[in-house]
Structure formats: C-alpha cells, structure tokens
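Before any comments, here is the structure.
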Amino acid sequence: TREHALLAFTLGVRQLIVAINKMDTTKWSEDRFNEIVKETSTFIKKVGYNPKAVAFVPISGWHGDNMLEESSNMTWYKGWSRETKAGPVKGKTLLDAIDAIEPPVRPSDKPLRLPLQDVYK
Numbered sequence: 008t009r010e011h012a013l014l015a016f017t018l019g020v021r022q023l024i025v026a027i028n029k030m031d032t033t034k035w036s037e038d039r040f041n042e043i044v045k046e047t048s049t050f051i052k053k054v055g056y057n058p059k060a061v062a063f064v065p066i067s068g069w070h071g072d073n074m075l076e077e078s079s080n081m082t083w084y085k086g087w088s089r090e091t092k093a094g095p096v097k098g099k100t101l102l103d104a105i106d107a108i109e110p111p112v113r114p115s116d117k118p119l120r121l122p123l124q125d126v127y128k
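First residue of the sequence shown: 8, per our numbering; consecutive thereafter.
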C-alpha cells in the first residue's frame with residue numbers, strides 16, 4: 008500500500024480513496040479502523056497527498072459491507088468527508104466515494120504532443 012500510494016502520486020494521480028478492507032476480521036472494530044486511518048494519513052502526507060482530501064472507507068469485500076449500501080455492522084461509522092476545490096464532499100459508501108471523484112481536466116484544445124525516446128535513421 009505504501010508503494011501503491013507513492014507510485015500513484017508519481018504517475019500524477021491526485022485524487023485518492025483508501026478502502027480499508029477485511030473489517031469483518033477485526034469484528035468491525037472502530038479502534039482498528041482509526042489506527043489504520045492515522046498510520047495511512049501520516050504516510051500519504053509524506054508522499055504528497057493531503058489526508059483531508061482523501062476518503063477513508065471501512066469495508067468488507069467478503070460480506071459487501073459499505074460497498075454499495077451502508078453497513079449495519081458498523082453503526083459507529085458516520086461516513087467519510089473530504090475537501091475538494093468545489094467544497095466539502097460527504098458520503099458513506101465506497102460507491103459514494105467513487106462517484107465523488109472529479110474527472111481530470113484535459114487540455115483538449117491544445118496541440119497533441121507525444122514524447123520521443125529515440126530517433127532511428
């Protein structure tokens with residue numbers, strides 16, 4: 008995960024969602040979720056991301072909790088919120104976080120540029 012965050016930032020990915028999976032194996036522990044959020048926030052800040060602009064979502068892929076609908080197993084989870092240029096955005100599920108991603112602006116009105124690595128004659 009550390010390598011993924013570093014690689015994503017290096018490749019120009021500026022919006023990030025952190026889905027904390029396998030919450031069922033921790034018996035839906037709020038303390039464990041908060042611990043992971045704290046550790047991950049520290050690292051992604053060092054990489055270059057703003058933790059306040061990242062949605063942290065506790066999920067269980069096995070049970071489908073917080074993927075598409077709110078989980079009844081994590082009543083302590085009040086949802087995620089993140090800061091954007093347009094203002095704060097809030098949601099509860101992973102799908103909400105994906106839907107809240109802003110499409111990047113593409114300079115489609117400018118001339119096409121392609122990188123060249125080498126020229127052969």
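Just so it is clear, CB atoms sit at the ideal spot from N, CA and C, and this is done for glycine as well.
So, does the CB of T49 fall closer than 8 Å to a CB anywhere in chain D?
-> Among the chains in the structure shown there is no chain D, since it carries only a single protein chain.
Below 8 Å, can you find three or more Cβ-Cβ pairs linking the segment 64-74 to the segment 95-103?
-> Counting C-beta pairs closer than 8 Å gives three or more between the segment 64-74 and the segment 95-103, which meets the contact rule.
Beta-carbon proximity list for F16, same chain, < 6 Å, skipping 5 on both sides | Reading the sequence shown from its first residue, position 9 is the one you call residue 16. Excluding sequence neighbours, F16 sits near V54 and G55.
Using only alpha-carbon positions, find the residue among K92, L123, S36 and T49 that is nearest to T8.
-> As a first step, residue 8 is located in the sequence shown; it is residue number 1 there, counting from the start. Minimum Cα distance to T8 is reached at T49.
Identity of the residue in A107, Y127 and A60 nearest R89 by Cα | Sequence index remark: in the sequence shown, residue 89 carries index 82 (1-based). If we check each option's Cα against that of R89, A60 comes out closest.
Using a threshold of 8 Å, state whether the C-beta atoms of I51 and A107 are closer than that.
-> Indexing the sequence shown from 1 puts residue 51 at position 44. Indexing the sequence shown from 1 puts residue 107 at position 100. Their beta carbons are not under 8 Å apart, which means I51 does not touch A107 by this criterion.
Extent of the continuous alpha helix (DSSP H) to which V44 belongs | Residue mapping note: residue 44 aligns to position 37 of the sequence shown, counting from 1. Element bounds for V44: E37 to V54.
Please name the residue, chosen from P110, W83 and Y84, that lies closest to A93 on a Cα-to-Cα basis.
-> Walking along the sequence shown from the start, residue 93 turns up at place 86. Nearest of P110, W83 and Y84 to A93, Cα basis: P110.
What's the call for Y84, buried or exposed, on a 16-neighbour Cβ count within 10 Å?
-> For this step, residue 84 is matched to residue 77 along the sequence shown. The residue is buried, with at least 16 neighbouring Cβ atoms inside 10 Å.
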